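Numbering (our numbering), first residue to last: 1 to 192.
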């Protein structure tokens, strides 16, 4: 009987020590699962030259605002990158794979009559393929910001499976003299 009690005491002490052992998981690094995306300046013609950089910046901010994307700075583009060619078939994916970018946006912007037309292509750099392609037009240059917003939503939808919010608008009231007026603007406050 004494022997059984001794064995039981030993088993209980081992089990109690084992169950009270602390589990520690140590992590030394951050894991960033956001998409790395490059948004170089748009290719433009003479009539849209002044819009190319601004619309590329809007597109980059739209992706970044979603929280699922990191915009790769131009300083981290491939070493020999001097700008995109109008022939998207000439993209050197091997050079891009050596950068931090996982995706690349290739955009051409041109005027057709009074309308501004943007042709967007989103490429998966790893597989060297276009994954999204869209053509949008704005009736006036005042509506040009919408082109970037619309494509950002398409890119977000494709890569995350969730609809983007870049083309959303916000309505609010504001005083104008003795009366209040309703205003509508882009989600980012770019137009009101």
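We put the CB at the ideal spot given by N, CA and C, even for glycine. None of the values given here were measured: they were computed from a predicted structure.
>> Just to confirm before moving on: does the CB-CB distance between residue 105 and residue 137 stay below 7 Å?
In response: Their beta carbons are not under 7 Å apart, which means residue 105 does not touch residue 137 by this criterion.
>> Measuring only the C-alpha atoms, how far is residue 126 from residue 93?
In response: Cα to Cα, the separation comes out at about 8 Å.
>> Please return the same chain residues whose Cβ sits closer than 7 Å to the Cβ of residue 172, not counting the five positions on each side in sequence.
In response: 183.
> Would the beta-carbon of residue 41 fall within 7 Å of that of residue 53?
Replying inline: The Cβ-Cβ distance between residue 41 and residue 53 falls below 7 Å.
>> Using only CA atoms, which one of 45, 58 and 4 lies nearest to residue 190?
In response: Per the Cα distances, 58.
>> Which residue marks the beginning of the alpha helix (DSSP H) containing residue 133, and which one marks its end?
In response: Where residue 133 is concerned, there is no enclosing alpha helix (DSSP H), although the beta strand (DSSP E) it sits in stretches over 129-138.
> Among 70, 80 and 161, which one has its Cα closest to the Cα of residue 32?
Replying inline: The candidate whose alpha carbon is nearest that of residue 32 is 70.
> Helix or strand or just coil, what does DSSP make of residue 217?
Replying inline: There is simply no residue 217 to check, as the chain begins at 1 and stops at 192 in what is shown.
>> What would DSSP say about residue 203, mapped onto helix, strand or coil?
In response: No answer is possible for residue 203: the residues shown for the chain start at 1 and end at 192.
>> Can you tell me whether residue 121 is buried or exposed? The criterion is at least 16 other CB atoms within 10 Å of its CB, across all chains shown.
In response: By the Cβ-count criterion, residue 121 is buried, with 16 or more other Cβ atoms from all chains shown falling within 10 Å of its own Cβ.
>> 7 Å is my cut-off, CB to CB: does residue 43 come that close to chain B?
In response: The chain labelled as chain B is not found in the depicted structure, where only one protein chain is given.
>> Assuming residue 119 is part of the beta strand (DSSP E), what are its boundary residues?
In response: The continuous beta strand (DSSP E) containing residue 119 extends over residues 115-124.
> How long is the line joining the alpha carbons of residue 160 and residue 107, rounded to whole angstroms?
Replying inline: Going by the C-alpha atoms only, they are around 21 Å apart.
> To which residues of the same chain is residue 78 closer than 8 Å at the C-beta, ignoring the five residues directly before and after it?
Replying inline: A distance below 8 Å between beta-carbons, with the five flanking residues on each side excluded, links residue 78 to the following residues of its chain, in chain order: 92, 95, 96, 98 and 99.
>> Tell me the residue span of the beta strand (DSSP E) that contains residue 46.
In response: Unbroken run through residue 46: none, as it is neither H nor E.
> Candidates 2, 67, 153 and 85: which alpha carbon is nearest residue 35's?
Replying inline: Of the candidates 2, 67, 153 and 85, the one whose C-alpha sits nearest the C-alpha of residue 35 is 67.
> Going by the CB atoms, is the gap between residue 62 and residue 166 shorter than 7 Å?
Replying inline: In this structure, residue 62 lies closer than 7 Å to residue 166 by Cβ.
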